[in-house]
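Asker: All residue numbers for the sequence shown refer to our numbering, where the first residue is 1 and numbers rise by one.
Here it is: the structure, laid out below.
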Amino acid sequence: IANIANSQTPISAGAIGTWATLTNLSQAGGGSGFATDGRYIFQLGGRDPVLSTAYSAQIKSDGTLGTWTAITNIPAPAYDLAAVAYNGYLFIGGGGANLSTLYSAKINSNGTIGGWNTLSTLPRLNQGPTLTATQGYLFMAGGYAGATSSTVYSAPINGNGTIGTWQTLNTLPALVYYNGVTAWNNY
Numbered sequence: 001i002a003n004i005a006n007s008q009t010p011i012s013a014g015a016i017g018t019w020a021t022l023t024n025l026s027q028a029g030g031g032s033g034f035a036t037d038g039r040y041i042f043q044l045g046g047r048d049p050v051l052s053t054a055y056s057a058q059i060k061s062d063g064t065l066g067t068w069t070a071i072t073n074i075p076a077p078a079y080d081l082a083a084v085a086y087n088g089y090l091f092i093g094g095g096g097a098n099l100s101t102l103y104s105a106k107i108n109s110n111g112t113i114g115g116w117n118t119l120s121t122l123p124r125l126n127q128g129p130t131l132t133a134t135q136g137y138l139f140m141a142g143g144y145a146g147a148t149s150s151t152v153y154s155a156p157i158n159g160n161g162t163i164g165t166w167q168t169l170n171t172l173p174a175l176v177y178y179n180g181v182t183a184w185n186n187y
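Here it is in structure tokens:
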């Protein structure tokens, strides 16, 4: 079902609970970037038309979402962008509107964000890449820029929300874009 956010009912380890309809997303359309810091979920950019809007909603203790609230817009209209939250910062990059720069913004305790900081040019122009972060590193994988990519890049994340130099890592076993990746418990 389009434009619906869902959560799983808490259940025992290894099992799958039933899905519950929670609340409409903040805006219709596709291609938004999503991230969570464990307290808030963020919806960033999107298309139909290409958007620069950004929203957050509190994740309540019962697994439902609070009201979507407009927060600081992303620096430029973009869709199919990647987003990840790590160590109190929200990172975005890539996208179908030539968002070739990586940006970060500090996440405030109320789910709003500070101003966007320009960090670096991404190692490659990328539509539909994925970002994840763990153990002090930001990872970008896959994407499309005239051809589908299997390359993985990483950069160290500094305590102030900036990053170090991008490094090229091993390639994925397949070419991917519009993919998803996550890091959990240092894996």
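We put the beta carbon where it would ideally sit given N, CA and C, even for glycine.
These numbers were taken from a predicted model, which means no experiment stands behind them.
Excluding the 5 residues flanking T132 on each side, which residues of the same chain have their C-beta closer than 7 Å to its C-beta?
Answerer: The answer, listed in chain order, is V84, F139, V181, T182, A183.
Asker: Alpha carbons only, please: which of F42, R124, L51 is nearest the one belonging to G146?
Answerer: Checked all of F42, R124, L51; the closest Cα to G146 is R124.
Asker: With DSSP run on the structure shown, which of helix, strand or coil describes W184?
Answerer: Looking at W184 - three-state DSSP - the assignment turns out to be coil, as it is neither helix nor strand.
Asker: Which whole-angstrom value describes the C-beta separation of A57 and T67, a residue pair presumed to lie in contact below a C-beta threshold of 8 Å?
Answerer: Confirmed, about 7 Å.
Asker: I'd like to know whether the C-beta atoms of G114 and A78 end up nearer to each other than 7 Å.
Answerer: No, they are not a contact pair.
Asker: Does the distance from the C-beta atom of G111 to that of Y40 stay below 7 Å?
Answerer: Yes, the Cβ-Cβ distance between G111 and Y40 is below 7 Å.
Asker: Is the beta carbon of G33 closer than 7 Å to that of A82?
Answerer: Yes, the Cβ-Cβ distance between A82 and G33 is below 7 Å.
Asker: I need the straight-line Cα distance from G95 to A35, nearest angstrom please.
Answerer: In a straight line, the C-alpha of G95 is about 15 Å away from that of A35.
Asker: Going by DSSP, what residues sit across from Q43 in a beta bridge?
Answerer: Bridge partners of Q43: F34, Y55.
Asker: Using the three-state DSSP reduction, which class does P49 fall into: helix, strand or coil?
Answerer: The answer is coil: DSSP assigns P49 none of H, G, I, E or B.
Asker: In three-state DSSP terms, what is N117?
Answerer: The answer is strand: DSSP assigns N117 an E or B state.
Asker: Where does A141 land, buried or exposed, given buried means 16+ other C-beta within 10 angstroms?
Answerer: The residue in question, A141, is buried, as its Cβ has 16 or more Cβ neighbours within 10 Å.
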